[in-house]
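Engineer: Please see the structure below; I have some questions.
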Amino acid sequence: MQTFIRSILSCMQTNSLEQSEMNIACASLFAYLLFPLITERQTDYAAEIRAAGSEPFLDAQKKNELLHFLGMDGTAAAYAPLPEPLRPDMPAAEVYMRNSLGRLKLFEYEEEQLSLSENSDGSFSCVSVNNDVVSRITYDSLCRAVEKTVWKNADSVSDSVMLLEKKWSYSGSVIFSTEKQFQEKKLYEVQYNSSRKPVSIYEYDLPPDPADEKIPVSKSAMLYDDKGRIACEEQLFFAGRQDGTADGKEPVFRRKTVFSYSGLSSAADIKVYENGMLRLSTEHTGENSYIERIYFDGGFYVQSLFQDGVKTEEQIVSGKEEEPL
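Using our numbering, the first residue of the sequence shown is number 1, and each one after it goes up by one.
Take a look at the structure:
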């Protein structure tokens, strides 16, 4: 153990990244992840580090920085210890990872732990583990998320299947994301505007073979007003492949929702059209008071009045059918 600790500390005797490939923060985090403050053996680690730190190759400032980071200089630890040591009968796992420099890291946890690693290109990764899943998010040098992967946290490698894979790309102020949900067998492609609000969402059935053609399930397009509020959302729904005969490229159902803001409520008034016909509308008369109308074929609708969110009146109105959109 002492030899290994000395090898970590020796990486900090130079400030050159090419020579040491590890700065004080990386070495400290590496040592902490290997020896978290969750066992009684931590006192042994402290003694070994102090002994190794007394060697001439490590100057006093860097030694004190490391001891302070690990909470071994009499001050509070940089990371709070878990409430009790790991027990063999508790659900736990060991996740082995390699960083961009090829160094092995051990991530040990009880219920949940977090690990940060910096790559040589300026990007960094965040790994989170709990009883259910293991997730990893990678950020570029501008701290923008570029990839997220989620696995099932299982007892065997064969059962630790990938649950989700999401990737982001950036073009000026426009953001694109692709998300694969493997259990649901769904694929989502989303485009965001400069305010990071979605302007288009494409949903597909995830093809068994990546080379197969994507079959659309739905497509959504959103518009916003000059205050960034949703103004219109239009959705197209597709039948998909049915017994291998339908190509799924033509929509079978259309829905359009128009939002307006009267100032009488923080919530929007809405009108919902299905295949071009008005089917639902809400009109606010106060913050939590509104009139709701549900339209049916034949020129009648059900009108309900809500006061403070509670329905107080309902009636069936027969009249001229609403004009189609």
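Just so it is clear, CB atoms sit at the ideal spot from N, CA and C, and this is done for glycine as well.
Beta carbon of E203, beta carbon of A221: below 9 angstroms?
Structural biologist: No.
Engineer: Could you name the residues of the same chain whose beta carbon sits closer than 6 angstroms to that of V150, not counting the 5 residues immediately before and after it, in chain order?
Structural biologist: The answer, listed in chain order, is V133, S135, L163 and L164.
Engineer: By a C-beta neighbour count over all protein chains shown, 10 Å radius and 16 as the cutoff for buried, is N153 buried or exposed?
Structural biologist: By the 10 Å Cβ count, N153 comes out buried.
Engineer: Identify whether D205 lies in helix, strand or coil by the three-state DSSP scheme.
Structural biologist: Note: D205 maps to strand in three-state DSSP.
Engineer: In or out: S281 buried (at least 16 other Cβ within 10 Å) or exposed?
Structural biologist: Per the 10 Å Cβ criterion, buried.
Engineer: Closest Cβ-Cβ distance between S195 and chain D: below 9 angstroms?
Structural biologist: Protein chain content of the structure displayed is limited to a single chain, and chain D is not contained in it.
Engineer: Which same chain residues, not among the five before or five after R87, have their C-beta less than 8 angstroms away from its C-beta?
Structural biologist: At R87 the pLDDT is 43, less than 50, meaning the model places this residue with poor confidence; the figure from the coordinates comes in the next sentence. Same-chain partners within the cutoff: there are none.
Engineer: Can you look up D329 in the DSSP assignment and give me helix, strand or coil?
Structural biologist: Past the edges of the chain, shown from 1 to 325, lies residue 329, and the structure says nothing about it.
Engineer: Among R255, D226 and I270, which has the Cα closest to the Cα of S237?
Structural biologist: The displayed chain sequence assigns Phe, not Ser, to residue 237. Comparing Cα positions, the closest option is R255.
Engineer: For E118 and K180, what's the separation of their Cα atoms in angstroms?
Structural biologist: Their backbone Cα atoms lie some 26 angstroms apart in a straight line.
Engineer: CA-CA distance, D140 and D212?
Structural biologist: Those two C-alpha atoms are separated by around 31 angstroms.
Engineer: Would you mind working out which of S173, S171, V161 and W168 sits nearest Q183, comparing C-alpha positions?
Structural biologist: Residue V161 is the option with its Cα nearest to Q183.
Engineer: Let me know the secondary structure DSSP gives L86 once reduced to three states.
Structural biologist: Confidence is the limiting factor: at L86 the pLDDT is only 41, short of 50, which leaves the residue's position unreliable, though a coordinate-based value still follows. L86: coil per DSSP, three-state reduction.
Engineer: Specify the secondary structure class of L187 as computed by DSSP and reduced to three states.
Structural biologist: Reduced to three states, the DSSP call for L187 is strand.
Engineer: Can you tell me whether DSSP reads T39 as helix, strand or coil?
Structural biologist: The predicted position of T39 is uncertain, since its pLDDT is 43 and thus under 50; a value taken from the coordinates is nonetheless stated next. It is coil, neither helix nor strand.
Engineer: Can you check which of these residues, K186, D121 and P198, is closest to P208 by C-alpha distance?
Structural biologist: Among K186, D121 and P198, the Cα nearest to that of P208 belongs to K186.
Engineer: Looking only at its own chain, which residues have a Cβ that is under 6 angstroms from the Cβ of E274, when we skip the five neighbours before and after it?
Structural biologist: Closer than 6 angstroms at Cβ, skipping near neighbours: R255.
Engineer: Y295 and R279 look like a contact to me (Cβ under 8 angstroms); what is the Cβ gap, rounded to whole Å?
Structural biologist: Yes, they are in contact, since the Cβ atoms of Y295 and R279 sit about 5 angstroms apart, within 8 angstroms.
Engineer: Would S260 pass as a contact of K271 if the rule is Cβ separation under 9 angstroms?
Structural biologist: Contact flag set, yes.
Engineer: Grab me the residues of E292's own chain with a C-beta within less than 6 angstroms of its C-beta, minus the 5 sequence neighbours each way, in chain order.
Structural biologist: Result list for E292: T282 and S304, in chain order.
Engineer: Looking only at its chain, what residues have a beta carbon closer than 7 angstroms to the beta carbon of Y224, apart from the 5 residues adjacent to it on each side?
Structural biologist: Only K197, I230 and A231 meet the Cβ criterion.
Engineer: Quick one: what's got a C-beta closer than 8 angstroms to Y192's C-beta in the same chain, skipping five residues either side?
Structural biologist: The answer, listed in chain order, is V174, I175, F176, S177, P198 and V199.
Engineer: On the three-state DSSP scale, how would you describe C143?
Structural biologist: The answer is coil: DSSP assigns C143 none of H, G, I, E or B.
Engineer: If you compare alpha carbons, which of N130, V302 and F124 is closest to D335?
Structural biologist: The question about residue 335 has no answer here: the residues shown for the chain are numbered 1 through 325.
Engineer: Rounded C-beta distance between H385 and D269? I'm assuming under 8 angstroms.
Structural biologist: No statement about residue 385 is possible, as the shown extent of the chain runs from 1 to 325 and does not include it.
Engineer: So, with DSSP's three-state summary, where would you put F182?
Structural biologist: DSSP places F182 in coil when its eight states are reduced to three.
Engineer: Of the residues N288, G228 and K148, which one's Cα is nearest the Cα of S169?
Structural biologist: Here the closest residue by C-alpha is K148.
Engineer: Under the DSSP definition of a beta bridge, which residues are partnered with E287?
Structural biologist: Answer is none; E287 lacks a bridge partner.
Engineer: Nearest CA to the CA of A145: which residue from C126, V258 and P210?
Structural biologist: Closest by alpha carbon: C126.
Engineer: How should V310 be labelled, buried or exposed, when 16 other C-beta atoms within 10 angstroms of its C-beta is the threshold for buried?
Structural biologist: Its Cβ having fewer than 16 others within 10 Å, V310 is exposed.
Engineer: Looking at the structure shown, is V133 part of a helix, part of a strand, or coil, going by DSSP?
Structural biologist: Correct three-state label for V133: strand.
Engineer: What are the boundary residues of the beta strand (DSSP E) that S327 is part of?
Structural biologist: Here the chain comprises residues numbered 1 to 325, so residue 327 is not present and cannot be evaluated.
Engineer: Go through its chain and collect everything with a Cβ distance to E313's Cβ below 6 angstroms, but skip five positions before and after it.
Structural biologist: So the list reads L305, once near-sequence residues are dropped.
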